[in-house]
Every structure is written in C-alpha cells, then in structure tokens.
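Single-structure report; data block below.
There are 2 protein chains.
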Amino acid sequence: MKKQLQPIDAEALLEEYGFKKTALRIMLLEVLSLSTMPLPVAKLARKTKKVGADPATIYRALNAFVEAGIVTALTVDKTKVLYELSVSKTHVHHIVCDSCNTVESIPFCIKSIEQQVIKVSRQFKKIYDHQMSFKGTCRKCLRAVR
Amino acid sequence: MKKQLQPIDAEALLEEYGFKKTALRIMLLEVLSLSTMPLPVAKLARKTKKVGADPATIYRALNAFVEAGIVTALTVDKTKVLYELSVSKTHVHHIVCDSCNTVESIPFCIKSIEQQVIKVSRQFKKIYDHQMSFKGTCRKCLRAVR
DNA sequence: CCGTTATTGCAAATCATTTGCATTTGTATA
DNA sequence: TATACAAATGCAAATGATTTGCAATAACGG
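These protein sequence lines are chains A and B, in that order. Note that my numbering has the first sequence beginning at 19, numbered continuously upward. Note that my numbering has the second sequence beginning at 19, numbered continuously upward.
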C-alpha cells in the first residue's frame with residue numbers, strides 16, 4: 019500500500035503567489051508535489067530536463083519559491099540541500115541514509131519541545147522554526163554491507 | 019553565575035588521537051574548549067591568528083578533527099558550518115538567532131525518539147545519529163527590533 | 001495588440017573549500 | 001644526539017556549485 023501522491027495545481031499555486039506560469043516553474047512544482055522525498059537540485063534538473071532550462075534559471079526559480087514560502091530548503095549537509103513543497107503539506111522531519119542518501123520523512127514533530135527550550139534558554143525568547151533529522155542506514159544498504 | 023569553562027589538555031588529546039602537537043592544532047582545540055558556543059571557520063581563524071596559519075591548514079586540521087571524532091561539525095545552514103568539541107562534552111543541540119546568528123546550546127536530547135522513528139520508518143532499520151535545532155530571535159535582537 | 005515586468009539564457013564572476021607539491025616539523029627509534 | 005619517516009604546513013592553483021549582469025524573450029493585465 020504505497021502512498022498515493024497527487025500532483026498539485028501548480029498553475030494555481032504560481033498565480034496565487036504572483037509568479038508567472040512558465041514551463042519550468044510549473045514542472046518544478048509538479049515534480050516536487052509528486053515526490054515522496056525532498057529532492058536535490060541535480061535531481062530536479064534531471065526531472066525537468068524536458069523543458070531544457072539553464073541551471074541558473076533553476077536556481078533562481080527555487081530561490082524564489084523558497085523566499086515566497088512555497089518550497090522549503092532542507093540542509094542535510096554542508097553541501098547537500100534538498101527541496102520539498104511546503105504548501106499544503108504537513109510539517110515533517112527526515113531521516114537520511116548515510117550510505118546512499120535515501121531520505122524518508124518522519125511524521126513526528128518536536129513542536130511540543132519548543133516551550134521547554136524557551137524556558138531553559140538564557141538568550142532566546144522566541145522560536146519560530148525547528149528542525150530535527152536522523153542519520154541511519156536504510157534496509158537496502160544494511161543488506162549490501164553484509 | 020556564568021558557566022566556567024576550562025581549557026582541555028589539548029596536547030594530551032592530540033597525542034591520544036595520534037596527531038602531532040603543532041601550534042595551530044593545539045590552539046584550535048583550546049579555543050574550541052573555551053567557547054560556550056560552536057564557532058565558524060572564520061572566527062576560528064581570527065582566534066588563532068597568533069600562530070598565523072594558512073586557511074588551507076586550518077581547514078585540513080578541522081577536517082582531520084571531525085573525521086577523528088574530536089570535533090563535531092554542525093551544519094546550521096547551506097553556507098554556515100560551526101565547529102565544536104565533541105570529546106568530553108555532553109551531547110547537545112542548538113538554537114540559532116536568525117538575526118545575529120547567536121548560537122546557544124540546549125541541554126535537551128531527542129535520543130528517546132529514535133526508537134519510535136525506527137518503528138514507523140518504512141526504509142530505515144538503524145539510527146546512529148540525530149540532530150535537532152531551533153531558529154528564533156535572541157533577546158538582544160528582539161530588543162533591537164522595537 | 002501593447003506595454004510592463006518577470007523570467008530566461010548565456011557567459012562571466014564569485015567565493016569558500018580543496019588539492020598538488022615541495023618543504024618543514026614532530027616524534028619515535030637507534 | 002643523530003636519523004628517518006610520516007604528518008603537517010605554506011603557497012599557488014584548481015574546484016565546483018551557486019550567483020550575477022545583461023540583453024533577449026515571454027507572460028499577462030489592460
């Protein structure tokens with residue numbers, strides 16, 4: 019029983035945020051909405067190569083989306099940034115396979131910890147975001163090691 | 019009652035891990051051990067400029083420490099990596115001020131969540147690390163905004 | 001259809017980090 | 001104390017993903 023994903027209405031979303039409906043941006047949002055996991059720029063480029071956009075254009079589109087709040091950039095590692103739709107999606111966290119970089123979402127949230135954090139913090143008064151992630155080995159890689 | 023920090027025995031630590039006791043590496047570890055918060059490379063370079071090491075040398079030293087497990091690299095942001103001693107230190111998490119980048123440690127841990135994560139995960143069987151961080155506004159910046 | 005503005009392609013710039021290589025330094029051993 | 005080897009360093013050059021400038025193009029409201 020694999021989770022069924024439905025493409026969002028990319029055009030409506032672009033319009034809502036005042037972006038123009040270009041082939042690349044529509045496809046970027048659709049690809050993101052159809053993915054079960056956050057995707058790196060490289061993979062997004064591959065999956066949208068049908069529209070043949072310049073790398074610079076892809077970066078600009080993603081940055082615009084992130085700034086607008088449509089897309090969330092997840093920094094897994096110094097050189098590894100993953101993108102996922104932030105609109106119409108439940109806030110989730112992630113677990114990353116250290117061997118093959120598989121990323122899976124985790125339906126837990128640590129929102130409830132925020133108040134405790136504020137209480138013990140010496141310097142902070144307000145928290146508006148948090149992130150939690152795990153590193154591990156996925157089943158496939160565990161098998162491969164043996 | 020400000021927390022009192024004591025410098026570690028950097029030379030003993032270097033020896034323990036089979037590193038040579040050079041001026042830079044000794045000083046790097048001492049600076050890290052005397053800091054209440056994780057530090058970026060730029061700041062480490064400034065604080066060790068007495069020994070006048072080349073940037074490449076500093077990067078190499080830090081990378082060697084991270085690989086050896088003496089130092090932990092904390093990826094706050096795509097372009098922001100902070101270093102802290104991982105030896106003889108309790109495992110902690112962090113909160114970062116989005117305005118001035120102040121970083122504070124949080125004495126909470128989400129170790130206990132790992133088992134739950136494994137249970138609900140479709141692809142993962144083993145977790146060996148986790149990270150949790152918060153973003154907020156520190157008191158100083160909150161005041162400045164007004 | 002027109003005018004405005006966002007978006008794009010292309011090439012060049014950026015900039016932190018890494019790497020190659022010759023030289024120096026630390027340290028174990030004789 | 002001298003010798004020898006690997007580790008650490010400095011310097012310069014390379015790297016490589018991301019960004020930027022600028023002119024051309026495309027989307028969209030009027």
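Note that beta-carbon positions come from the ideal geometry of N, C-alpha and C, so glycine has one too. Source: prediction; values computed, not measured.
Closer than 8 Å at the beta carbon, the chain B residues around residue i
i, result
"G87 of chain A", "Going along chain B, no residue has its Cβ under 8 Å from G87 of chain A, so there is no contact; the nearest lies around 15 Å."
"V135 of chain A", "I113, I124, F126 and F152"
"E132 of chain A", "F152"
Rounded separation between residue i and residue j - CA only
i, j, result
"G154 of chain A", "S123 of chain A", "13 Å"
"S53 of chain B", "V138 of chain A", "19 Å"
"F152 of chain A", "A71 of chain A", "33 Å"
"K39 of chain A", "E48 of chain A", "12 Å"
"F37 of chain B", "H109 of chain B", "24 Å"
"Q134 of chain A", "T120 of chain B", "19 Å"
"D116 of chain A", "E29 of chain B", "32 Å"
"A60 of chain B", "Q24 of chain A", "45 Å"
"M55 of chain B", "T66 of chain A", "42 Å"
"Y146 of chain B", "H111 of chain B", "16 Å"
"I44 of chain B", "I26 of chain B", "10 Å"
"D95 of chain B", "N81 of chain A", "14 Å"
"K68 of chain A", "I136 of chain A", "48 Å"
"I131 of chain A", "T93 of chain B", "21 Å"
"K129 of chain B", "H148 of chain B", "8 Å"
"Y97 of chain A", "V105 of chain A", "The residue asked about is misnamed: residue 97 of chain A is Thr in this sequence, not Tyr. Going by the C-alpha atoms only, they are around 25 Å apart."
"L46 of chain A", "P125 of chain A", "24 Å"
Integer Cβ distance of residue i from residue j, believed to fall under 8 Å
i, j, result
"L209 of chain A", "L57 of chain A", "Residue numbering for chain A in the displayed model covers 19 to 164; residue 209 of chain A lies beyond these limits and cannot be assessed."
"I76 of chain B", "A63 of chain B", "6 Å"
"L32 of chain B", "A79 of chain B", "Between A79 of chain B and L32 of chain B the Cβ distance is about 10 Å, and since that is not below 8 Å, they are no contact."
"C118 of chain B", "C159 of chain B", "5 Å"
"V89 of chain A", "L50 of chain A", "7 Å"
"Y35 of chain B", "A74 of chain B", "Not really, about 21 Å apart at Cβ, beyond 8 Å."
Chain A residues whose Cβ lies nearer than 8 Å to that of residue i
i, result
"V84 of chain B", "What V84 of chain B touches in chain A: nothing, since even the nearest Cβ is about 10 Å away."
"R140 of chain B", "E122"
"Y101 of chain B", "Within chain A, no residue comes near Y101 of chain B; the closest Cβ sits about 12 Å away, beyond 8 Å."
"C156 of chain B", "Q141, F142 and K143"
"Y146 of chain B", "D116, K153, G154 and T155"
Nearest residue (CA-CA) to residue i, options the options
i, options, result
"M150 of chain A", "A:Q133, A:K68 and A:I113", "A:I113"
"Q141 of chain A", "B:C156, B:V135 and B:Y146", "B:C156"
"R161 of chain B", "A:D27, A:H148 and A:K144", "A:K144"
Local conformation of residue i per DSSP, three classes
i, result
"M45 of chain A", "helix"
"T75 of chain A", "helix"
"C166 of chain B", "Outside the modelled stretch of chain B, which goes from 19 to 164, sits residue 166 of chain B, for which no answer is possible."
"Q133 of chain A", "helix"
"G138 of chain B", "First, the residue type needs correcting, since residue 138 of chain B is Val and not Gly in the sequence shown. DSSP places V138 of chain B in helix when its eight states are reduced to three."
"F83 of chain A", "helix"
"V69 of chain B", "helix"
"V89 of chain B", "strand"
"L57 of chain A", "strand"
"S51 of chain A", "helix"
"L100 of chain A", "strand"
Contacts that residue i makes with chain B (C-beta to C-beta distance below 7 Å)
i, result
"T93 of chain A", "T93, D95 and K96"
"L57 of chain A", "Simply none; closest approach about 15 Å."
"R64 of chain A", "Those within 7 Å of R64 of chain A in chain B number zero; the least Cβ separation is about 21 Å."
"L160 of chain A", "K143 and K144"
Under 7 Å from the C-beta of residue i: neighbouring residues of chain A
i, result
"H109 of chain B", "Correct list: empty, because the minimum Cβ distance to chain A is about 14 Å."
Within chain B, the residues that residue i reaches when beta carbons sit closer than 9 Å
i, result
"Q149 of chain A", "Q149, M150, S151, F152 and K153"
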